[in-house]
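S.K.:
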Amino acid sequence: MHDAHQKHLTTHRARLHREADAEFAQWAAGYGVIQHSPQTQLRIFELAQLLVAQGRAASPSDVYRLLRAADRLASAAMWLTVHMTYAQRVRWDGAALQPDEYKQTPEGHTGGSLNMVPAYAGYLAANSLTGHTRGWIMGQGHSVAGVEAVNLLVGNMLPIQAQRYDLSDSGLTRFVGDFYSYSIGPDGRPESPLGSHVNANTAGGISEGGYLGFAELQYVHIPLPGERLVAFLSDGAFEEQRGSDWAPRWWRAEDSGHVAPIMILNGRRIEQRSTLQQQGGVQWLKDHLRLNGFDPIEIDGTDPAAFAWAIFTMEDRLDACTEAIRTGTGGYPVPLHYTIAEAPKGYGFPGAGSNDAHNLPLGANPRVDAGARALFEEGSKALWVSREDLTSAAAVLNRHDEQRRVRERDHAFATRNVPVPSLPALASLAPGEREYSPMEGIDQAFTALVAANPQLRVRVGNPDELRSNRMGRTLDLLKHRVVTPEQGVAESISGSVVTALNEEAVVSAALANKGGLNLVVSYEAFAAKMLGALRQEILFARQLADAGRPPGWLSVVTVATSHTWENGKNEQSHQDPSFGETLQGEMSDVSRVLYPPDWNTAQAALQAAYQTRGQFWTMVVPKRVLPVWFSAQEAARLVRDGALCIRPAPQARILFTAVGAYQLGEALKAAERLEQRGVAAAVNYIIEPGRFRVARDAREAAHQSTATDALFPATQDVRIFLTHTRPETLVGLLRPLDTGAQTTRVLGYVSRGGTLDVAGMLFANRTTWAHAVSAASEAAGLEVERLLDAPELQAVRGSGDPRIIMSSY
Numbered sequence: 002m003h004d005a006h007q008k009h010l011t012t013h014r015a016r017l018h019r020e021a022d023a024e025f026a027q028w029a030a031g032y033g034v035i036q037h038s039p040q041t042q043l044r045i046f047e048l049a050q051l052l053v054a055q056g057r058a059a060s061p062s063d064v065y066r067l068l069r070a071a072d073r074l075a076s077a078a079m080w081l082t083v084h085m086t087y088a089q090r091v092r093w094d095g096a097a098l099q100p101d102e103y104k105q106t107p108e109g110h111t112g113g114s115l116n117m118v119p120a121y122a123g124y125l126a127a128n129s130l131t132g133h134t135r136g137w138i139m140g141q142g143h144s145v146a147g148v149e150a151v152n153l154l155v156g157n158m159l160p161i162q163a164q165r166y167d168l169s170d171s172g173l174t175r176f177v178g179d180f181y182s183y184s185i186g187p188d189g190r191p192e193s194p195l196g197s198h199v200n201a202n203t204a205g206g207i208s209e210g211g212y213l214g215f216a217e218l219q220y221v222h223i224p225l226p227g228e229r230l231v232a233f234l235s236d237g238a239f240e241e242q243r244g245s246d247w248a249p250r251w252w253r254a255e256d257s258g259h260v261a262p263i264m265i266l267n268g269r270r271i272e273q274r275s276t277l278q279q280q281g282g283v284q285w286l287k288d289h290l291r292l293n294g295f296d297p298i299e300i301d302g303t304d305p306a307a308f309a310w311a312i313f314t315m316e317d318r319l320d321a322c323t324e325a326i327r328t329g330t331g332g333y334p335v336p337l338h339y340t341i342a343e344a345p346k347g348y349g350f351p352g353a354g355s356n357d358a359h360n361l362p363l364g365a366n367p368r369v370d371a372g373a374r375a376l377f378e379e380g381s382k383a384l385w386v387s388r389e390d391l392t393s394a395a396a397v398l399n400r401h402d403e404q405r406r407v408r409e410r411d412h413a414f415a416t417r418n419v420p421v422p423s424l425p426a427l428a429s430l431a432p433g434e435r436e437y438s439p440m441e442g443i444d445q446a447f448t449a450l451v452a453a454n455p456q457l458r459v460r461v462g463n464p465d466e467l468r469s470n471r472m473g474r475t476l477d478l479l480k481h482r483v484v485t486p487e488q489g490v491a492e493s494i495s496g497s498v499v500t501a502l503n504e505e506a507v508v509s510a511a512l513a514n515k516g517g518l519n520l521v522v523s524y525e526a527f528a529a530k531m532l533g534a535l536r537q538e539i540l541f542a543r544q545l546a547d548a549g550r551p552p553g554w555l556s557v558v559t560v561a562t563s564h565t566w567e568n569g570k571n572e573q574s575h576q577d578p579s580f581g582e583t584l585q586g587e588m589s590d591v592s593r594v595l596y597p598p599d600w601n602t603a604q605a606a607l608q609a610a611y612q613t614r615g616q617f618w619t620m621v622v623p624k625r626v627l628p629v630w631f632s633a634q635e636a637a638r639l640v641r642d643g644a645l646c647i648r649p650a651p652q653a654r655i656l657f658t659a660v661g662a663y664q665l666g667e668a669l670k671a672a673e674r675l676e677q678r679g680v681a682a683a684v685n686y687i688i689e690p691g692r693f694r695v696a697r698d699a700r701e702a703a704h705q706s707t708a709t710d711a712l713f714p715a716t717q718d719v720r721i722f723l724t725h726t727r728p729e730t731l732v733g734l735l736r737p738l739d740t741g742a743q744t745t746r747v748l749g750y751v752s753r754g755g756t757l758d759v760a761g762m763l764f765a766n767r768t769t770w771a772h773a774v775s776a777a778s779e780a781a782g783l784e785v786e787r788l789l790d791a792p793e794l795q796a797v798r799g800s801g802d803p804r805i806i807m808s809s810y
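This note's numbering runs 1 ahead of the 1-based position in the sequence shown.
Shown next as structure tokens:
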């Protein structure tokens, strides 16, 4: 009996081996343009054995069948991708298109999109092989056509696309027709759910990828423990933002999930070879990566199986590093694993490897050029997959229910929903007690918030001077993240302060940490370097809200301090209000720009920010000591309403309105002088100018302040604005409050500066209290000589001693 059982078992094993050998041979033979190198074949054979040993696969045959499905999916998606560029008709039977079935004006970043197809198909295969739904981010967002094509073919779509596209000829024809259709709706929004880059309708998309280089800076900071991320990067973007080389410095097993960075190295930018390729290609990059603490892996970038193997291998090696750290046999930085996937640009279609491959690889329009038409037919024929084969392949890959995991469109990073944090009670300050630094108020409020919410992973982006910017408590509590702490310095291996003298890199650490609590602190002038990163995030968040899927992550706060008016000592390069001005150009319900003038308003604004989701709060905050002008209750009302009257004068015709702490001080002095000379004047403070603009759509209108009429009555038609920003910026922003050129004046930064103190900056930019009085007298038709003494008037006119009217700060 025993011998019979052994014989049966031996026979069964032999049959399984034969089946596995047959399945392996079928996969190894390749499919169309997708071929498997000997190295990839060996790697996949070993991976199949390992997956079986780990209990993740029932047999090696299952692995090979799944990878055969990935080959067919990739080929079909490449076929569909080239149709997106050139065709306005799709035929599942693969029949040749007629000339009028091609687009009149083909468009599409075709080469990069074709390169993304095997990468994304390999990503799906890795998920199915291991039973993990990984998230993804793509730095080269213009390659989205390849992702959209794969998603459609496997049914991984958001409702807006799923309702519009299916696998019929008509559904695919509508799909390719929507790509670069430029159709626009009555509301001025694109009608097509497809875009030139990743957008809110791209299943699983978390970043547009339009600003190259930021995915490289963000990916290491994205996953929380237990989460897995695949980052698709490009050699072109490698030339962009500095800081991607520092990723090994930031990854920690204790607070970070798996990251699998993959560079698709196709060697070309738009018009020429990439600089990386010119410097030596793959070998140069491998040497560079090793010097910067990475462990490079090289794969065939044309093969979905190679990508699946790389994802598994990078995670497996990262697990080994984590175990070594746990047992004390390893340390930081870990050799972060990084895959180089080399492929000719536009592989799999005519024109691959040429400059033309970037956009239109055929070199001519097949609608009017017979030669281009013949090339398209030849290229698409090599990629064609029957509908039956494609449907079977998708079924093999789509094992989500069986594996009890979400679809890729619903991965963790695309569905963040972070509960608002608990707000600790803060000791408020009474107005007039003494002067305090508003930045110290931020510091106290933030550290209290962190302590009250230990469940939130914290990232503080710091371009260098956290302590000098009065954030000493934050630094002492959270510490700089380093791999070798220096004795006596606020440094730690597990620190939450990401410090580098590079604004793009540190703001990206906060922007990426969407599962946690984030703060960025920078000099105002140099925060302008963050604008690209912030704007990309602001636009994507607004798109998600418009699409009915508002982000669920906590709002990100960026504090701009050591600002224009108090940084005169550092010459004019340090005197620039552009950061807040530019961000006020974005939609105000998502990009919120505030100018807290004192301790209480700074704390109120910070706490309010973290009670919101999906917004970007920019706070321009003084770091010098200043009076406490608002009580805690007034500060809360100021943040709630966007503005507040600080000095009422119901019968007055003249209204001073300040935006900015030093401007408020000057406005109050101007009103006091007028009162001394028998002229009544009221003073308002606007903390959030964007809430008083002309709303540009319904969502922004809902965000507007309801206090406008009460704060700006028609009877107070002489309006003098003193602003932290350039005057022209505020005039445009606050157009509804402008009573006309005769009665409205705006004083602000007029690009004057140098090595000056605060008072000198105010005088140089004609924004002192005396200049405000002079402006009020002119707008109200009053004799200025009655309001200013002769020496003061001479100073205002530029012919006297400035010190006579310069305030003490």
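The C-beta atom is built at its ideal place from N, Cα and C for all residues, glycine as well.
1) Report the option in Ala-633, Asp-179, Tyr-524 and Gly-761 whose CA atom is closest to the CA atom of Ala-426.
2) What do you reckon, are the CB atoms on Arg-410 and Trp-554 nearer than 8 Å?
3) Expressed to the nearest angstrom, what Euclidean distance is found between the alpha-carbon atoms of Pro-1 and Leu-734?
4) When you compare only the Cα positions, how much space is there between Gly-189 and Glu-538?
5) Count the other C-beta atoms from every protein chain shown that fall within 10 angstroms of the C-beta of Tyr-596, then say buried if there are 16 or more, exposed otherwise.
6) May I have the straight-line CA-CA distance separating His-259 from Gln-99, to the nearest angstrom?
7) So, with DSSP's three-state summary, where would you put Ile-688?
8) Measure the alpha-carbon distance for Ala-353 versus Thr-619 and round it to whole angstroms.
9) Would you report the Cα separation of Leu-159 and Pro-107, rounded to the nearest angstrom?
10) Just checking, does the region 656-674 make contact with the region 451-464 on the three C-beta pairs under 8 Å criterion?
11) Cβ of Leu-319 within 8 Å of Cβ of Pro-249?
12) Strictly by DSSP, which residues pair up with Glu-492?
13) If I measure Cβ to Cβ from Ala-780 and keep anything under 6 Å in the same chain, skipping five residues before and after, which residues do I get?
14) For the candidate residues Lys-480, Ala-711, Leu-51 and Ala-71, whose alpha-carbon lies nearest to that of Asp-1?
15) Does the beta-carbon distance from Ala-446 to Gln-604 come in below 8 Å?
16) Between which residues of its own chain and Leu-400 is the CB-CB distance below 6 Å, once the five residues before and five after are set aside?
17) Along the chain, where does the alpha helix (DSSP H) containing Ser-592 start, and where does it finish?
18) Assign Ala-342 to one of two classes, buried (16 or more other C-beta atoms within 10 Å of its C-beta) or exposed (fewer than that).
19) Sorted by chain position, which residues of the same chain lie with C-beta nearer than 7 Å to His-6's C-beta, five sequence neighbours on each side aside?
20) Do you know offhand how far Val-484's Cα is from Phe-350's?
21) Which residue comes first and which comes last in the beta strand (DSSP E) that contains Tyr-65?
22) Please classify Ile-185: is it buried, with 16 or more other beta-carbons within 10 angstroms of its beta-carbon, or exposed?
23) State the Cα-Cα distance for the pair Ala-696 and Leu-512, rounded to the nearest angstrom.
24) For a quick check, are the C-beta atoms of Thr-730 and Glu-582 less than 8 Å apart?
25) Taking the alpha-carbon positions, what's the Glu-487 to Leu-476 distance?
26) DSSP state of Pro-187, grouped into three classes?
27) How long is the line joining the alpha carbons of Lys-624 and Ser-438, rounded to whole angstroms?
28) Residues in its own chain within less than 7 Å of Arg-674 by CB, not counting five upstream and five downstream?
29) For Ser-800, which residues of its own chain have a beta-carbon under 6 Å away from its beta-carbon, when the five flanking residues on both sides are left out?
30) Give a yes or no on whether the C-beta atoms belonging to Tyr-32 and Ala-49 are separated by under 8 Å.
31) Determine the extent of the alpha helix (DSSP H) in which Ala-605 is found, giving its start and end residues.
32) Helix, strand or coil for Gly-462? Go by DSSP, reduced to three states.
33) Quick check on the burial criterion: 16 or more other C-beta atoms within 10 angstroms. Buried or exposed for Asp-577?
34) Can you give the beta carbon distance from Ser-257 to Pro-226, rounded, assuming they're within the 8 Å contact cut?
35) For Gly-372, report the span of its alpha helix (DSSP H) as first-last.
36) For the beta strand (DSSP E) containing Ser-129, list its first residue and its last residue.
M.R.: In terms of the structure at hand:
1) Checking every option, the nearest Cα to that of Ala-426 belongs to Ala-633.
2) Their beta carbons are not under 8 Å apart, which means Arg-410 does not touch Trp-554 by this criterion.
3) With the chain represented from 2 up to 810, any question about residue 1 goes unanswered, as that position is not in the structure.
4) Looking at the two C-alpha atoms, the distance is approximately 21 Å.
5) So Tyr-596 counts as buried.
6) Going from the Cα of His-259 to the Cα of Gln-99 covers about 48 Å.
7) In this structure, Ile-688 counts as coil in the three-state DSSP scheme.
8) Whole-angstrom Cα-Cα distance: 45 Å.
9) Rounded to whole angstroms, Leu-159 to Pro-107 spans 26 Å at the Cα level.
10) Judged by pairs of C-beta atoms under 8 Å, the region 656-674 does not touch the region 451-464, as fewer than three such pairs exist.
11) No, Cβ-Cβ distance for Leu-319 and Pro-249 is not below 8 Å.
12) Glu-492 pairs with His-481.
13) Excluding sequence neighbours, Ala-780 sits near Val-719, Thr-744 and Arg-746.
14) Not covered by the structure: residue 1. The range shown for the chain is 2 to 810.
15) Result yes, Cβ atoms of Ala-446 and Gln-604 sit closer than 8 Å.
16) Just to set this straight, residue 400 is Arg in the shown sequence, not Leu. The residues Ser-129, in chain order, have a CB closer than 6 Å to that of Arg-400 in the same chain once the five nearest residues on each side in sequence are set aside.
17) Taken as a continuous stretch (DSSP letters only), Ser-592 belongs to no alpha helix (DSSP H), being part of the beta strand (DSSP E) at 592-595.
18) Only buried fits Ala-342, as 16 or more other CB atoms lie within 10 angstroms of its CB.
19) Unreliable positioning characterises His-6 in this predicted model, as indicated by a pLDDT of 49, which lies under 50. The coordinate reading is nonetheless provided below. Within the same chain, His-6 has no close Cβ partners at all.
20) Straight-line measurement puts the Cα of Phe-350 at about 46 Å from the Cα of Val-484.
21) For Tyr-65, there is no enclosing beta strand (DSSP E); the enclosing alpha helix (DSSP H) covers residues 61-87.
22) Around the beta carbon of Ile-185, fewer than 16 other beta carbons lie within 10 angstroms, which makes this residue exposed.
23) Going from the Cα of Ala-696 to the Cα of Leu-512 covers about 27 Å.
24) Inclusion of Thr-730 and Glu-582 in the CB contact set at 8 Å is warranted, their separation being smaller than that value.
25) Looking at the two C-alpha atoms, the distance is approximately 14 Å.
26) Coil.
27) Distance between the alpha carbons of Lys-624 and Ser-438 is about 5 Å.
28) Hits under 7 Å: Trp-770, Val-774 and Leu-788.
29) Counting only Cβ-Cβ distances below 6 Å, and skipping sequence neighbours, we find nothing.
30) Taking C-beta atoms as the reference points, Tyr-32 and Ala-49 fail to come closer than 8 Å.
31) Segment 600-610, the alpha helix (DSSP H) holding Ala-605.
32) Looking at Gly-462 - three-state DSSP - the assignment turns out to be strand.
33) It counts as buried.
34) Taking 8 Å as the upper bound for CB-CB distance, Ser-257 and Pro-226 are in contact here, some 7 Å apart.
35) Taken as a continuous stretch (DSSP letters only), the alpha helix (DSSP H) holding Gly-372 covers 371-384.
36) Note, Ser-129: premise wrong, no beta strand (DSSP E); alpha helix (DSSP H) at 111-131.
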